[in-house]
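Engineer: Please read through the structure below; I'll follow up with questions.
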Amino acid sequence: MLIVSSQLAVGQENTLTLFDIEQAPILAKNQAYLLVRVDVSGIAPSFNFAHILKKKGSYAFDSDKQKLGEKYAVSLKGVKTGFYLLAIKTGHYQITRVNAPFYNLPYWRPTNNVSWQFSISANKINFIGELNIANERGSDYISVNLFNRFATYQATMSEQLTLLLEQYALVNGKGIRDDFVEELEGN
Amino acid sequence: MHKSISILFLCFGLVNSFIVSAKTPVATEHFFAEPDMVVAKLSPDGNSIATIRFTNDKPQIWLIDSATKQATLWFDVAEFSKRQASIKQLAWIDNQYIAAQFVEIKKGVEGLLDTKAVQRLILLNKPVNNTAQVEVLSVTTKGSMVHPLPEQKHQFLYAKSGLVSKIYRLNVNKLSVFGKKLNKLHKIDGGQFKKSNEVASIKGWVTRWFLDSNGQSIAAFHLNHQGEWNLSKLVDKAEPQVLHTWDFANITKNKSSDITSPELVPIAYTGEEDSFYCLDLNEDEQRTIYKVNFTTYSEAIVYQSDAYKVIDIDLSEDNKLSAIKVINNGRIETVYIDNNRLKQHVDLPNNPSLVAQVDATKDNSVRVYYSENHDQPGEFYVQRQAEVGFLGAMYPNIKDQLGSELVEQTVTVEGLEIPFLLNLPLSQKSPVPLIIMPHGGPIGVFDNRYYNPITQLLVSNGYAVLQVNFRGSSGYSTELKDAGKKQFGDLMLKDIYQASEQVLAMKRIDKNRVCTFGMSYGGYAALMLAIQHPKRYKCAASFAGVSDINLLLDNTNVSDKQRLWLKEYIGDSVTEYDRLKAISPLYLADKIPVPVFIGHGSKDEVVDVEHAFRMKLMLEKHQKPFTWYINPEGEHSFADSKQASQYFERLLEFLHTNI
């Protein structure tokens, strides 16, 4: 699937478009790869995220004190289930909202807690998890999650990212402390 | 099945002489089959019994003659609903009509709307013979039946909520046939929702009416026009008197509110003035039933469900708890409550440990009983005068097929009495191997002394099974439950281990053949026990088990309220990361000394499947032997009997090979 790349400023919000992993964008200065698995349904899902103006290292979270910088929006309309890339600046980010309009239900989910943060490290492919919007037409049921599934998809990611992995290491890009990958790869 | 088990043993080159049980192992699928008979209701004259039975996962109503026990299919729900449908309430209106309140489960929007339950009341006319057409009437106006008025022919009470909520007295004869289009001359529901039929009224949206056993309106739980919830007492024609007010909007906004204090809301009238049965909204899942007096504010716990969320209760004529309605895998189930006094008055087969009176005529000349034992799933009996007759069983395929001995003991750990249950196969010729099976939860859940299909499956296959109600478990005392706070990987495990040591001292148990097995928290505990006591166990099996506690706590599927609860009872993945990591089996995988069995459902929304995959990678890294089972359609528990049977066949194979 070809997804056209664009980065258009709309007011203060940048609109980003996902890249297929076979067509990885070239990284600009201070950028690294965000890798996300998308499994969504619905009419026109999308999500918003923002740069956290705070040094990485502290995982304590207070939505009132959190200062957010540059804001981004990513459309997921028509995006098939699979892995996608974005080239974005290194840093710590907060997913601020997931939009999942569904037939007659204009639903969006606020995501203001630490579980919805991710981190982008330089020279790495940062897997932020699986963005999942599950719904059932017959029952008006919607569930929105960002699953931390590095181990679940490790084999698939390694298989699909072969060329990119020659240049960049795959890391867990969750914004909260998670020692799993470090421990798995350590001695 | 016995044959196939034997073949299995040969395939794995096992000597199975230790599998000595009094009875032939029952086929695994029978333990996890859909239930057959689940409810039985007696007509006011005692001549007929309406029962709910399941066929292909859909309920049917059968009519049984209480004297001859002849059964006739009365009504098939599958003809009326294509959705997941349950019968929430079944009540005789008189000797001719029965009312059935259907609930169709429609999930809502997570975090926005609650799961929707669409209700519909239908009324069935008793057929005169087997071939007669069944007349099905229905109430079209939205609402629910609040009292069947069995003493008043053809009449019942029906409630309708709105800006002003009301109870009406309806007559069955004026209702229309279900599904039939009305012509212009016919009014909906016979035009019965009118002033002259009103028996109670209150301003605001009522979610529950409370009536006494005679159908007299006592109180209502309702949303007033100021957005507050009130429990109001109905006093003849005077203005209702507010007994208590709840401001849920502010409770929800205040995230730091004390979630350990109960937030009690009424669900039924106890028959005593201003006193109600209540559920606690602050409980992780509503499993505890309280009795609360809203004038004196005295409260007491009267019942705790072992594992499932309580949504409603059934009361006897004298307003005592007779059964609870719970949600199990999205389906409404009835759990009967033991009435110890009854055991002296009725002699039911197999000396059951649980006897409940399901229904009785006004003069008690005919009664319906439910009985259950640790090795006998539920059965229904009818008693006419002194004669007791069998009506039906929940699981007919295993009726009288099982046999085990139940031992109940306690062990003292750090000054706290820890209760445990040990199920032993009968007629052992040699010491039997032991499976230690900790329950899930772990807080507010417990193993009871009644029938458990997993326990009996293992016993039927020759194993003794130990179930420990470690600290954090409900069902015994507040002290035991509260002692579980933040003991996820510490004293809870010590309780299980100490109980198992006490059991292993018994001559009837083979202390050299012990394995652990559990689901959810039980799976976590199974792995941790093997890690902590490397020489004690031969194998460990975990289904839907937690392998990384921090991963469990960081799940985006958790609401703000649940997040607070998890911090309070398990820990904080931000401030206590290292402590929780140190008690996570994932990071201790190199210390696992025995073969393990990791099983999980890919659609598990409670413990994500990532827990299993992480464990798998870590076991591979450390070159530890393991058996792997992933069900792509599996959830946190087994959605159907096929899934359950498939998993437990694999588990038995693993245990037989490694113990």
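The listed protein sequences correspond, in order, to chains A and P.
Everything in the first sequence is counted per the numbering used here, starting at 1 for the first residue and increasing by one.
Everything in the second sequence is counted per the numbering used here, starting at 188 for the first residue and increasing by one.
From the three backbone atoms N, C-alpha and C, an ideal C-beta is built for every residue, glycine too.
(1) Which residues in chain P have a C-beta closer than 9 Å to the C-beta of residue 146/A? List them in chain order.
(2) Nearest to residue 255/P by CA position, among 244/P, 701/P, 236/P, is which residue?
(3) Are there any heavy atoms of the ligand MN lying less than 7 Å away from the beta-carbon of residue 535/P, as far as the coordinates show?
(4) Between residue 693/P and chain A, is there a C-beta pair that is closer than 8 Å?
(5) Alpha carbon to alpha carbon, how far is residue 309/P from residue 332/P? Give it in angstroms, no decimals.
(6) Using the rule of at least 16 other Cβ atoms within 10 Å of the residue's Cβ for burial, across every protein chain shown, is residue 193/P buried or exposed?
(7) State the CB to CB distance for the pair residue 768/P and residue 737/P, rounded to an integer number of angstroms; the pair is presumed to be in contact (CB under 8 Å).
(8) Are there 16 or more other CB atoms within 10 angstroms of the CB of residue 159/P, so buried, or fewer, so exposed?
(9) Starting from residue 511/P, follow its DSSP beta bridges and name the residues at the other end.
(10) Look up residue 403/P in the DSSP assignment and say whether it is helix, strand or coil.
(11) Specify the secondary structure class of residue 315/P as computed by DSSP and reduced to three states.
(12) Using a C-beta cutoff of 8 Å, does residue 47/A count as contacting chain P?
(13) Should residue 511/P go down as buried or exposed, given a rule of 16 or more other Cβ atoms within 10 Å for buried?
(14) I'd like to know if residue 797/P contacts chain A, where contact means its C-beta is closer than 8 Å to some C-beta of that chain.
(15) Residue 209/P CB to nearest chain A CB: under 8 Å?
(16) Could you tell me whether the Cβ atoms of residue 646/P and residue 652/P are closer together than 8 Å?
(17) Quick one: list the residues of chain P neighbouring residue 151/A, beta-carbon separation under 8 Å, in chain order.
(18) Please list the partners that residue 177/A has in chain P, where partner means a Cβ-to-Cβ separation under 7 Å.
(19) In the DSSP output, which residue or residues are listed as bridge partners for residue 574/P?
(20) Mind checking if residue 711/P is an interface residue toward chain A, Cβ cutoff 8 Å exclusive?
(21) Given this structure, state the Cα-to-Cα distance separating residue 218/P from residue 835/P, to the nearest angstrom.
(22) Check whether the segment 77-93 of chain A touches the segment 34-52 of chain A, taking contact to mean three or more Cβ pairs, one atom from each stretch, closer than 8 Å.
(23) Do residue 545/P and residue 533/P count as a contact pair if the criterion is CB distance below 8 Å?
(24) Would you mind telling me which residues of chain A sit closer than 9 Å to residue 173/P, beta carbon to beta carbon, in chain order?
(25) Strictly below 8 Å CB to CB, what residues from chain A border residue 768/P?
(26) Of the residues that make up the segment 310-341 of chain P, which ones have a beta carbon closer than 8 Å to any beta carbon in chain A?
(27) Grouping DSSP H, G and I as helix and E and B as strand, with all else coil, what is residue 195/P?
(28) With a 10 Å radius around its C-beta and 16 neighbouring C-beta atoms as the bar for buried, classify residue 845/P as buried or exposed.
(29) Short of 6 Å in beta carbon distance, which residues of its chain neighbour residue 178/A, apart from the five on each side in sequence? Order them along the chain.
(30) Please tell me whether residue 165/A has its Cβ less than 8 Å away from any Cβ of chain P.
(31) Are the CB atoms of residue 402/P and residue 341/P nearer to each other than 8 Å?
(32) Which stretch, first to last residue, makes up the alpha helix (DSSP H) that contains residue 843/P?
(33) Give me the residue from 637/P, 650/P, 387/P, 792/P with the minimum Cα distance to residue 611/P.
(34) Starting from residue 114/A, find everything on chain P with Cβ-Cβ shorter than 9 Å and list it in chain order.
(35) Please say whether residue 788/P and residue 731/P have beta carbons closer to each other than 8 Å?
(36) Provide the residue(s) that pair with residue 486/P in DSSP beta bridges, ordered along the chain.
Structural biologist: The relevant details are as follows:
(1) Position 146 of the first sequence, counted from the first residue, corresponds to residue 146/A. Result: 743.
(2) To locate residue 255/P, count along the second sequence from 1; it is residue 68. Checking every option, the nearest Cα to that of residue 255/P belongs to 236/P.
(3) For the structure depicted, the ligand MN is absent and the ligand set is empty, with no information on it obtainable.
(4) Sequence index remark: in the second sequence, residue 693/P carries index 506 (1-based). Residue 693/P does not count as touching chain A.
(5) As a working mapping, residue 332/P is identified with position 145 in the second sequence. As a working mapping, residue 309/P is identified with position 122 in the second sequence. One C-alpha to the other measures close to 10 Å.
(6) As a working note, residue 193/P is residue 6 in the second sequence. Confidence at residue 193/P is low in this model, with a pLDDT of 31, below 50, so its placement is unreliable and the value that follows should be read with caution. That one is exposed.
(7) Walking along the second sequence from the start, residue 768/P turns up at place 581. Walking along the second sequence from the start, residue 737/P turns up at place 550. Indeed they touch by this definition, with Cβ atoms about 6 Å apart.
(8) Coverage of chain P is limited to positions 188 through 846, which leaves residue 159/P absent and any answer about it impossible.
(9) In the second sequence, residue 511/P corresponds to position 324, counting from 1. According to DSSP, residue 511/P bridges with 500/P, 522/P.
(10) The residue labelled residue 403/P in the question sits at position 216 within the second sequence. Correct three-state label for residue 403/P: coil.
(11) As a working mapping, residue 315/P is identified with position 128 in the second sequence. Looking at residue 315/P - three-state DSSP - the assignment turns out to be coil, as it is neither helix nor strand.
(12) For this step, residue 47/A is matched to residue 47 along the first sequence. With 8 Å as the cut-off, residue 47/A does not count as an interface residue toward chain P.
(13) Here residue 511/P is taken as the residue at index 324 of the second sequence, counted from 1. Buried is the call here.
(14) Counting from 1 along the second sequence, the entry for residue 797/P is found at position 610. It does: the Cβ of residue 797/P has a partner Cβ on chain A nearer than 8 Å.
(15) Taking the second sequence and counting its residues from 1, the one referred to as residue 209/P is at position 22. At residue 209/P, the pLDDT of 47 sits below 50, so the modelled position is not reliable and the matter cannot be decided from this model.
(16) If you number the second sequence from 1, residue 646/P lands on position 459. If you number the second sequence from 1, residue 652/P lands on position 465. Less than 8 Å divides the Cβ of residue 646/P from the Cβ of residue 652/P.
(17) By one-based count along the first sequence, residue 151/A stands at place 151. Result: 797, 800, 801, 803, 804.
(18) Residue 177/A sits at position 177 when you count from the first residue of the first sequence. Simply 764.
(19) Mapped onto the second sequence, residue 574/P falls at position 387. Residue 574/P is bridged by DSSP to 571/P.
(20) Counted from its first residue, the second sequence places residue 711/P at position 524. No, residue 711/P lies away from the interface with chain A (no Cβ there is under 8 Å from its Cβ).
(21) Walking along the second sequence from the start, residue 218/P turns up at place 31. Walking along the second sequence from the start, residue 835/P turns up at place 648. Here the C-alpha atom of residue 218/P lies approximately 10 Å from the C-alpha atom of residue 835/P.
(22) Short answer: they touch.
(23) Taking the first residue of the second sequence as position 1, residue 533/P is located at position 346. Taking the first residue of the second sequence as position 1, residue 545/P is located at position 358. Cβ distance not < 8 Å, so residue 533/P and residue 545/P don't count as in contact.
(24) Because chain P spans 188 through 846 in this model, residue 173/P falls outside it and cannot be assessed.
(25) Position 581 of the second sequence holds residue 768/P. At a beta-carbon threshold of 8 Å, the residues of chain A lying near residue 768/P are 179, ordered along the chain.
(26) From the segment 310-341 of chain P, no residue has a Cβ closer than 8 Å to chain A.
(27) Within the second sequence, the letter at position 8 stands for residue 195/P. Unreliable placement is indicated for residue 195/P, whose pLDDT of 30 sits below 50; the coordinate value is still reported in the next sentence. Residue 195/P falls in the helix class under three-state DSSP.
(28) Numbered from 1 along the second sequence, position 658 holds the residue referred to as residue 845/P. Buried is the call here.
(29) Residue numbering aside, residue 178/A sits at position 178 when the first sequence is read from its first letter. Excluding sequence neighbours, residue 178/A sits near 172.
(30) For the purposes of this step, residue 165/A is taken as the residue at position 165 of the first sequence. Not an interface residue.
(31) Locating residue 402/P in the second sequence gives position 215, where the first residue counts as 1. Locating residue 341/P in the second sequence gives position 154, where the first residue counts as 1. Contact flag unset, no.
(32) For the purposes of this step, residue 843/P is taken as residue 656 along the second sequence, with counting starting at 1. Per DSSP, residue 843/P belongs to the alpha helix (DSSP H) from 828-845.
(33) Indexing the second sequence from 1 puts residue 611/P at position 424. Ranking the options by Cα distance to residue 611/P, first place goes to 650/P.
(34) Locating residue 114/A in the first sequence gives position 114, where the first residue counts as 1. Residues of chain P passing the Cβ test: 741, 760, 761.
(35) The count along the second sequence starts at 1 and reaches residue 731/P at position 544. The count along the second sequence starts at 1 and reaches residue 788/P at position 601. Judged by beta-carbon spacing, residue 788/P lies within the 8 Å limit of residue 731/P, meaning their Cβ atoms are closer than that value.
(36) Within the second sequence, residue 486/P is the residue found at index 299, counting from 1. Partner residues in the beta bridge of residue 486/P, as assigned by DSSP, are 479/P.
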